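Below is one structure, written out as structure tokens; comments come after it.
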Amino acid sequence: MNPPALLRTFDVPSPQASCGRRDETTVPPQALHLMNHRTLHELARRLAARTTGSPPRRIQHLFGIVYSRLPSPEESTAILNFLKGFEGKPAESWTVVAHTLLMSNEAQFID
Numbered sequence: 046m047n048p049p050a051l052l053r054t055f056d057v058p059s060p061q062a063s064c065g066r067r068d069e070t071t072v073p074p075q076a077l078h079l080m081n082h083r084t085l086h087e088l089a090r091r092l093a094a095r096t097t098g099s100p101p102r103r104i105q106h107l108f109g110i111v112y113s114r115l116p117s118p119e120e121s122t123a124i125l126n127f128l129k130g131f132e133g134k135p136a137e138s139w140t141v142v143a144h145t146l147l148m149s150n151e152a153q154f155i156d
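For this note's numbering, count along the sequence shown from 1 and bump the result up by 45.
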């Protein structure tokens, strides 16, 4: 029995043999799966919906949830400038911001 393709993408070992140590890889299909899968988009939408208030306050809240820290002034400015391109589409814009934060190296890897 082979594991489903999703699990193989993330290096699940074969259930047909014992595995003393799992391989660790970071390959493009893993990132593409996370970028495009509906589950992560729904997670980003729900994360964005948890934030309220002014744009700077929402940015701080998102950074607190995702990174457990406040954004730098440069990060806040970059996001505020990005949001200007989404005027009239607030739900979509905040979902994109949340998705971007979730897809970042800082959110996915431990230094």
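We treat Cβ as the ideally placed atom computed from N, Cα and C, and that holds for glycine.
In this text, all values refer to a predicted model and were calculated from it rather than measured experimentally.
Nearest-angstrom beta carbon gap, residue j and residue i [assumed within contact, 8 Å]
i, j, result
"I110", "L92", "7 Å"
"L147", "L77", "About 14 Å separates the two Cβ atoms, so there is no contact after all."
Secondary structure of residue i, DSSP reduced to three states
i, result
"H82", "coil"
"I110", "helix"
"T97", "coil"
"P73", "helix"
"L125", "helix"
"E132", "coil"
"P116", "coil"
"S138", "helix"
"I104", "helix"
"R91", "helix"
Residue closest to residue i, alpha-carbon to alpha-carbon, out of the options
i, options, result
"T140", "S117, S63, L77 and R83", "R83"
"H144", "G65, L107 and G98", "L107"
"P116", "L77, V142, A76 and R95", "V142"
"A123", "R114, P100 and K134", "P100"
"A152", "L79, R66 and G65", "L79"
"A136", "R95, R114 and N150", "R95"
"F154", "E87, G133, R66 and Y112", "Y112"
CB of residue i within 8 Å of CB of residue j, strictly
i, j, result
"S121", "F131", "no"
"R90", "T97", "no"
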